[in-house]
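These notes are about the structure you will find just below.
Residue numbers (the numbering used here): 3 to 191.
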């Protein structure tokens, strides 16, 4: 995002990072301060970026659903059973998925796939999010569907054109490969 907004996913992932640092440092003044800052970030997002349906929204002034908002629960900003997490997962599944692939967000009123391809990163995030909710079969489906969307040398791009079954965007895309590995590790547990 290049607009000067307070993006909900950015703020919540910062909260996750602060919680992780505080946990690693153990008890102490710095840890308490980092935890308090994380709590303040989450509270601010809860006050300004909770959609009327109960899910997270992209920003205080942008009510759209965003698959990136599945990351805060995966990274520890909020609990996996937080009602906003569950509502966001349901909204992403209902509004941003097609044929086993996930889109980051809907850029405009056009049907999914017309403005850009599915984001493979989001497909792997869906696998982790569904698995976090205890649905091992659903997590495996998301993982396998998106794992199969690689090019002949086994590399993943940023996007996948669901209609034409072609890779789109940057190739190779390191973030997608990183989430592939994280999902593979989660599948092996």
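For every residue, glycine included, the Cβ atom is placed at its ideal position computed from N, Cα and C. For clarity, every value in this text was computed on a predicted model and none was experimentally measured.
Could you tell me how far apart the beta carbons of residue i and residue j are, in whole angstroms, since I believe they sit closer than 8 Å?
{"i": "residue 189", "j": "residue 145", "result": "6 Å"}
{"i": "residue 72", "j": "residue 126", "result": "No, residue 72 and residue 126 are not in contact; Cβ-Cβ is about 11 Å, not under 8 Å."}
{"i": "residue 91", "j": "residue 135", "result": "7 Å"}
{"i": "residue 123", "j": "residue 178", "result": "5 Å"}
{"i": "residue 68", "j": "residue 11", "result": "6 Å"}
{"i": "residue 104", "j": "residue 18", "result": "About 20 Å separates the two Cβ atoms, so there is no contact after all."}
{"i": "residue 133", "j": "residue 164", "result": "Actually they are not in contact, since the Cβ atoms of residue 133 and residue 164 sit about 22 Å apart, beyond 8 Å."}
{"i": "residue 109", "j": "residue 117", "result": "5 Å"}
{"i": "residue 66", "j": "residue 107", "result": "5 Å"}
{"i": "residue 160", "j": "residue 172", "result": "5 Å"}
{"i": "residue 13", "j": "residue 43", "result": "5 Å"}
The alpha helix (DSSP H) spanning residue i covers which residue range?
{"i": "residue 95", "result": "85-97"}
{"i": "residue 160", "result": "Element bounds for residue 160: n/a, residue is neither H nor E."}
{"i": "residue 118", "result": "Element bounds for residue 118: n/a, residue is neither H nor E."}
{"i": "residue 20", "result": "10-27"}
{"i": "residue 76", "result": "73-77"}
{"i": "residue 44", "result": "31-50"}
{"i": "residue 190", "result": "176-190"}
Across which residues does DSSP place residue i in a beta bridge pair?
{"i": "residue 170", "result": "161"}
{"i": "residue 144", "result": "DSSP output for residue 144 lists no bridge partner at all."}
{"i": "residue 61", "result": "9, 64"}
{"i": "residue 104", "result": "99"}
Residue i CB to nearest chain B CB: under 9 Å?
{"i": "residue 77", "result": "Among the chains of the structure shown, chain B does not appear; only one protein chain is present."}
Does the segment 100-110 come within contact of the segment 30-46, defined as at least 3 CB pairs closer than 8 Å?
no
Contact between the segment 45-59 and the segment 83-90 (3+ Cβ pairs under 8 Å):
yes
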